[in-house]
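*Asks:* My questions all concern the structure below.
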Amino acid sequence: MKKKELVNYARELFKRGFTKDAARGILLSKGVPVQEVDRALIIASSPEKTISLTLMLGFAGFLVILLIPLMIFLAPEQPDLETPDYDSTTQFESEESYQPPSELQTYQCAINEECLFNEICTDGTCSKLFCTSCEEIINHECISLQCEDNNTCTQDYCIEGTCSNDLITTCISGDGCCPTDCNQTLDLDCITLNTTLDECTTDIECYDGDYLTTDVCKTEGNNTIKKCFNILPGCQNNDLVCGANCTSLDDNDCDPICGNNIIEETEICDGDCPQTQTDCTDNNTCTIDTLLGSSQLCTSECSYTDITICSSGDGCCPTDCLYINDSDCPPASTLLSTTPFTSIQRTTTGMANLYFYEDNTHSILLSNLFSISNAELSPDLGIYLATKAIVNTKEDLDAGNMYLGELTALSGSQEYQIVTPIANINDFNSIVIYHSSYNAVYSYTTLNYNQ
């Protein structure tokens, strides 16, 4: 990609709302060297410089003031000249009729490449190029959508950006097509057009009206009788004929066809082109998904640019980002207490850990060695924070507590999130496992904030 085209492409990306990092990722995905990308982004993001008319006039006036004394000094003495007589009716142009020159227009361009891709340079000014729905803007030109399917019996046209190839059914001479139900009387394109091998003596007798075929009168095998052969050419370059079932890949006389499921020349896709932005969704919250090109020209493709900026609310936590500058990142935690359980009415082993997170929430994590013997899971068996440090009875628990939820397992590691912010966690001094139907404290652990 040329330097000016690269700069214009970068400016267009900025115009569409892409950040500098996102634009850089898109250009790098096109295979553009890193140094050229960085240089283009610097130029594209810099404001255009213009010379104000006031500054130019001021500089010109300064030069005139400097030159007047020099001109007076160098000028030779002149004899007095008689003052010419003027008619009293002579009219002079009044100062009021004087019109100052209009302000100089700012120079914008000299060639199309100095404008955006969808503009052209006209009289030194970049003007927007307007194309129809059946045209695509490519290199400052309106290029018609390619709807040709190389079938002489279809009418190929574009309506509102969509190609149509309608089958010809009318008998019309000279269009190269002999539709079904037509004959040589109604359509001269049907003259001598048949699939039988007619006997012949010269090649002229074998004319089938199809300019794509080579008409030959010859013998076949050991047969001495000559017959007509109407041979379709193969895929050959530079014979001015696009052979049957040929493409631009194997016959340069063929035009690339968007929609034949074959990727040809400048096509990027064919048959499976992404149509809308939704087709480019990769379900990765850490990429910017962009649809580039045109599916009608088989040039559409999906571009995926990694998100590298720390930004809250986009569902992504890029590498090197933290919760403090990106709320999508997990908050860091601080261990406040880790203590073993004390058994009351059920034997309980293992440790209970209390954590504080920088998003002002807490959680309780029971260790891998946690277990309760001779117990059954029940909606009534729950885990609590209690204000008392030692909890042996229901009365101790009722002195002040916060219900955290049902106990999810009788053994193994498990975590209980406390999403409601607690103004002063030190008001709670124990973690309790309690069965509300039995009014039984199974076990508790005293929190040790000073360890």
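In the numbering used here, the protein residues as written are 8 to 458.
Virtual Cβ for every residue (Gly too), placed ideally from N, Cα, C.
Predicted, not measured: the structure shown is a model, and the values here were computed from it.
1) Nearest-angstrom Cα distance between residue 410 and residue 334?
2) Which residue marks the beginning of the beta strand (DSSP E) containing residue 373, and which one marks its end?
3) Who are the Cβ neighbours of residue 26 in its own chain at under 6 Å, not counting the five residues just before and after it?
4) Where does residue 14 sit, in a helix, a strand or coil, going by DSSP?
5) Run through DSSP, which three-state label would residue 42 get?
6) What does the Cβ neighbour count give for residue 148, buried or exposed, with the cut at 16 atoms within 10 Å?
7) Could you check whether residue 390 and residue 314 sit closer than 9 Å to each other, using their CB atoms as the reference points?
8) Within its chain, find whatever has a CB closer than 8 Å to the CB of residue 93; leave out the 5 residues flanking it on each side and keep chain order.
9) Pick from 308, 326, 323, 399: whose alpha carbon is nearest that of residue 353?
10) Measuring CA to CA, which of 207, 264, 222 is closest to residue 214?
11) Alpha carbons only, please: which of 217, 256, 41, 302 is nearest the one belonging to residue 170?
12) Need the endpoints of the beta strand (DSSP E) that residue 437 sits in, please.
13) Which residues share a DSSP beta bridge with residue 340?
14) Out of curiosity, what's the CA-to-CA distance linking residue 430 and residue 372?
15) Counting only runs that start and end within the segment 393 to 457, where is the alpha helix (DSSP H) found for 4 or more residues in a row?
16) With the cut-off set at 9 Å, would you say residue 197 and residue 185 are in Cβ contact?
17) Using the Cα positions of residue 20 and residue 310, report the straight-line distance between them to the nearest angstrom.
18) Roughly how many whole angstroms lie between the Cα atoms of residue 374 and residue 278?
19) Just verifying my parser: in three-state terms, what is the DSSP assignment at residue 359?
20) Are the beta-carbon atoms belonging to residue 341 and residue 359 less than 9 Å from one another?
21) Identify the residues that DSSP records as bridge partners of residue 236: which are they?
22) Can the beta-carbon of residue 336 be found closer than 9 Å to that of residue 305?
23) So what's residue 378 in DSSP terms, helix, strand or just coil?
24) Considering only C-alpha positions, which residue in the set 258, 209, 285, 283 is nearest to residue 272?
25) Could you compute how far the alpha carbon of residue 307 sits from the alpha carbon of residue 298?
26) Starting from residue 28 and walking both ways along the alpha helix (DSSP H), at which residues does that stretch end?
27) Comparing C-alpha positions only, which one of 157, 370, 403 sits nearest to residue 264?
28) In whole angstroms, what is the alpha-carbon distance linking residue 101 and residue 143?
29) On the DSSP letters alone, give me the boundaries of the beta strand (DSSP E) that residue 172 sits inside.
30) Can you grab the Cα-Cα spacing for the pair residue 12 / residue 164, in whole Å?
31) Determine the burial state of residue 134: buried for a count of at least 16 other Cβ atoms within 10 Å of its Cβ, exposed for fewer.
32) Residue 300: which of 293, 424, 275, 229 sits nearest, CA to CA?
33) Between residue 420 and the rest of its own chain, which residues show a CB-CB distance below 8 Å, the 5 nearest in sequence each way excluded?
*Replies:* A quick look at the data gives this:
1) Position 403 of the sequence shown, counted from the first residue, corresponds to residue 410. Position 327 of the sequence shown, counted from the first residue, corresponds to residue 334. Near 27 Å, if we compare the C-alpha coordinates of residue 334 and residue 410.
2) As a first step, residue 373 is located in the sequence shown; it is residue number 366 there, counting from the start. Taken as a continuous stretch (DSSP letters only), the beta strand (DSSP E) holding residue 373 covers 369 to 373.
3) Position 19 of the sequence shown, counting from 1, holds the residue named residue 26. Around residue 26: no qualifying Cβ.
4) By 1-based counting over the sequence shown, the position of residue 14 is 7. DSSP places residue 14 in helix when its eight states are reduced to three.
5) Indexing the sequence shown from 1 puts residue 42 at position 35. Helix at residue 42.
6) In the sequence shown, residue 148 corresponds to position 141, counting from 1. By the 10 Å Cβ count, residue 148 comes out exposed.
7) The residue labelled residue 314 in the question sits at position 307 within the sequence shown. The residue labelled residue 390 in the question sits at position 383 within the sequence shown. Their beta carbons are not under 9 Å apart, which means residue 314 does not touch residue 390 by this criterion.
8) The residue given as residue 93 occupies position 86 in the sequence shown. Reliability of the predicted coordinates at residue 93 is poor, the pLDDT of 43 falling under 50, and the value obtained from them is presented with this limitation in mind. Cβ contact annotation for residue 93 (same chain, cutoff 8 Å, sequence separation greater than five): none.
9) What you label residue 353 is simply residue 346 of the sequence shown in a count that begins at 1. Ranked by Cα distance from residue 353, the first of 308, 326, 323, 399 is 399.
10) Within the sequence shown, residue 214 is the residue found at index 207, counting from 1. When each option's Cα is compared against that of residue 214, the closest is 222.
11) Here residue 170 is taken as the residue at index 163 of the sequence shown, counted from 1. Of the candidates 217, 256, 41, 302, the one whose C-alpha sits nearest the C-alpha of residue 170 is 302.
12) Position 430 of the sequence shown holds residue 437. Its beta strand (DSSP E) spans residues 437 to 442.
13) Locating residue 340 in the sequence shown gives position 333, counting from the first residue. Its beta-bridge partners are 364.
14) For the purposes of this step, residue 430 is identified with residue 423 of the sequence shown, where counting begins at 1. For the purposes of this step, residue 372 is identified with residue 365 of the sequence shown, where counting begins at 1. Whole-angstrom Cα-Cα distance: 20 Å.
15) 401 to 405
16) Position 190 of the sequence shown holds residue 197. Position 178 of the sequence shown holds residue 185. Against a cut-off of 9 Å, the Cβ pair of residue 185 and residue 197 comes out as a contact.
17) To locate residue 20, count along the sequence shown from 1; it is residue 13. To locate residue 310, count along the sequence shown from 1; it is residue 303. About 13 Å.
18) Start at 1 with the first residue of the sequence shown, and residue 374 comes out as number 367. Start at 1 with the first residue of the sequence shown, and residue 278 comes out as number 271. Rounded to the nearest angstrom, the gap between the Cα atoms of residue 374 and residue 278 is 56 Å.
19) Numbered from 1 along the sequence shown, position 352 holds the residue referred to as residue 359. Reduced to three states, the DSSP call for residue 359 is strand.
20) Within the sequence shown, residue 341 is the residue found at index 334, counting from 1. Within the sequence shown, residue 359 is the residue found at index 352, counting from 1. No.
21) Here residue 236 refers to the residue found at position 229 when the sequence shown is read from its first residue. In the DSSP output, where bridge partners are listed per residue, residue 236 has 223.
22) Against the sequence shown, residue 336 aligns to sequence position 329. Against the sequence shown, residue 305 aligns to sequence position 298. It is not a contact, given that the beta carbons lie outside the stated cut-off.
23) As a position in the sequence shown, residue 378 is number 371, starting the count at 1. The answer is strand: DSSP assigns residue 378 an E or B state.
24) On the sequence shown, position 265 is the one that residue 272 refers to. Residue 258 is the option with its Cα nearest to residue 272.
25) Taking the first residue of the sequence shown as 1, we reach residue 307 at position 300. Taking the first residue of the sequence shown as 1, we reach residue 298 at position 291. Each residue's alpha carbon lies about 7 Å from the other.
26) Residue numbering aside, residue 28 sits at position 21 when the sequence shown is read from its first letter. It spans 27 to 36 - the alpha helix (DSSP H) in which residue 28 sits, taken as one unbroken run.
27) Residue numbering aside, residue 264 sits at position 257 when the sequence shown is read from its first letter. Ranking the options by Cα distance to residue 264, first place goes to 157.
28) Stepping through the sequence shown from its first residue, residue 101 is reached at position 94. Stepping through the sequence shown from its first residue, residue 143 is reached at position 136. Note on residue 101: pLDDT 43, under 50, position unreliable in the model; the coordinate value appears next. Computed Cα separation, rounded: 56 Å.
29) For the purposes of this step, residue 172 is taken as the residue at position 165 of the sequence shown. Residue 172 -> beta strand (DSSP E) spans 169 to 174.
30) The residue labelled residue 12 in the question sits at position 5 within the sequence shown. The residue labelled residue 164 in the question sits at position 157 within the sequence shown. Answer to the nearest angstrom: the Cα atoms are 31 Å apart.
31) Along the sequence shown, read from residue 1 onward, the residue named residue 134 stands at position 127. Within a 10 Å sphere around the beta-carbon of residue 134 sit fewer than 16 other beta-carbons, which makes this residue exposed.
32) Counting from 1 along the sequence shown, the entry for residue 300 is found at position 293. Among 293, 424, 275, 229, the Cα nearest to that of residue 300 is on 275.
33) On the sequence shown, position 413 is the one that residue 420 refers to. 372, 373, 374, 375, 377.
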